[in-house]
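Written below as structure tokens is the structure these notes are about.
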Amino acid sequence: EFTSNTLDVSFSDIQDRFLRLLPENALILDFGCGTGRDSRYFLKKGYRVEACDGSEEMVKTAERVAGIPVRQMLFSELCEQERYDGIFACASILHVPYAELPDIFLRMERATKPGGILYVSFKYGQFEGIRNGRFFTDMDEDRLGDILKMTEGLEILELWITGDVRPGREDERWLNVLLCRSR
Numbered sequence: 006e007f008t009s010n011t012l013d014v015s016f017s018d019i020q021d022r023f024l025r026l027l028p029e030n031a032l033i034l035d036f037g038c039g040t041g042r043d044s045r046y047f048l049k050k051g052y053r054v055e056a057c058d059g060s061e062e063m064v065k066t067a068e069r070v071a072g073i074p075v076r077q078m079l080f081s082e083l084c085e086q087e088r089y090d091g092i093f094a095c096a097s098i099l100h101v102p103y104a105e106l107p108d109i110f111l112r113m114e115r116a117t118k119p120g121g122i123l124y125v126s127f128k129y130g131q132f133e134g135i136r137n138g139r140f141f142t143d144m145d146e147d148r149l150g151d152i153l154k155m156t157e158g159l160e161i162l163e164l165w166i167t168g169d170v171r172p173g174r175e176d177e178r179w180l181n182v183l184l185c186r187s188r
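Each residue of the sequence shown is one higher than the one before, starting from 6 at the first, in the numbering used here.
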């Protein structure tokens with residue numbers, strides 16, 4: 006059901022907002038790639054993409070959808086240094102407990118080249134716990150600000166709130182953030 010609800014959703018406004026900040030032929034990490042929808046879009050636009058997800062089932066789906074190898078790994082296993090021009094973490098790191106998010110943001114920052122771009126999205130709010138059988142950490146501006154104080158130099162470029170684009174979920178709100186690694 007998750008795959009059918011997310012695979013065909015048009016997300017190009019947010020994808021393009023991210024891409025316009027990247028150089029041509031940029032290397033993107035689709036961090037928590039899920040179905041591979043975003044990886045497929047970035048590849049079609051001519052970008053180089055590496056993708057990973059923690060779920061074996063999602064890895065198989067993403068490989069089929071995007072047509073590239075997908076690495077099965079946990080967010081806490083990201084250890085690359087200055088490899089990526091951009092990291093796209095769409096509705097993925099929201100499954101990490103709030104107390105562990107500063108480490109994940111540091112890992113994303115270090116894996117991004119100086120001047121690199123990160124996109125992250127969270128359900129909007131302050132909830133943390135099990136919802137519909139899965140763990141979620143919601144985020145608002147204050148909680149995000151507290152996390153960013155613990156990074157080495159991530160700066161917010163844009164922050165905006167959107168409604169959910171999936172049918173029947175229009176009332177759910179999302180916090181979208183574009184960040185830049187400043188050094």
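Just so it is clear, CB atoms sit at the ideal spot from N, CA and C, and this is done for glycine as well.
Check your understanding: Is GLN20 helix, strand or coil when you go by DSSP?
Key -> In the three-state DSSP reduction, GLN20 falls in the helix class (H, G or I).
Check your understanding: The alpha helix (DSSP H) spanning PHE110 covers which residue range?
Key -> PHE110 -> alpha helix (DSSP H) spans 106-116.
**Study point:** Integer-rounded CB distance, given that GLU87 should sit under 8 Å from GLN77
**Key:** Actually they do not touch by this definition, with Cβ atoms about 23 Å apart.
Exercise for review: Check the C-beta distance from ASP90 over to LYS118 and give it rounded, since I have them as a contact under 8 Å.
Suggested key: Between LYS118 and ASP90 the Cβ distance is about 6 Å, and since that is below 8 Å, they are a contact.
Review point. With ILE3 and MET113 assumed to form a contact (beta carbons below 8 Å), what rounded beta-carbon distance in angstroms separates them?
Key: The structure shown does not extend to residue 3, since the chain is modelled only from 6 through 188, so no value can be given for it.
Review point. Which residues bound the alpha helix (DSSP H) around VAL75?
Key: In the DSSP assignment, VAL75 falls outside any alpha helix (DSSP H) and lies within the beta strand (DSSP E) extending over 75-77.
Check your understanding: How close, in whole Å, do the beta carbons of CYS95 and SER126 come, if the pair is a contact with beta carbons under 8 Å?
Key -> The beta-carbon distance between CYS95 and SER126, rounded to whole angstroms, is 5 Å. This is short enough to meet the 8 Å contact definition.
Point to revise | For PHE80 and ILE122, believed in contact at Cβ under 8 Å, the rounded distance | key: In this structure ILE122 does not touch PHE80 by the C-beta definition: roughly 18 Å separates them, more than the 8 Å allowed.
Check your understanding: Where does GLY72 land, buried or exposed, given buried means 16+ other C-beta within 10 angstroms?
Key -> The residue in question, GLY72, is exposed, as its Cβ has fewer than 16 Cβ neighbours within 10 Å.
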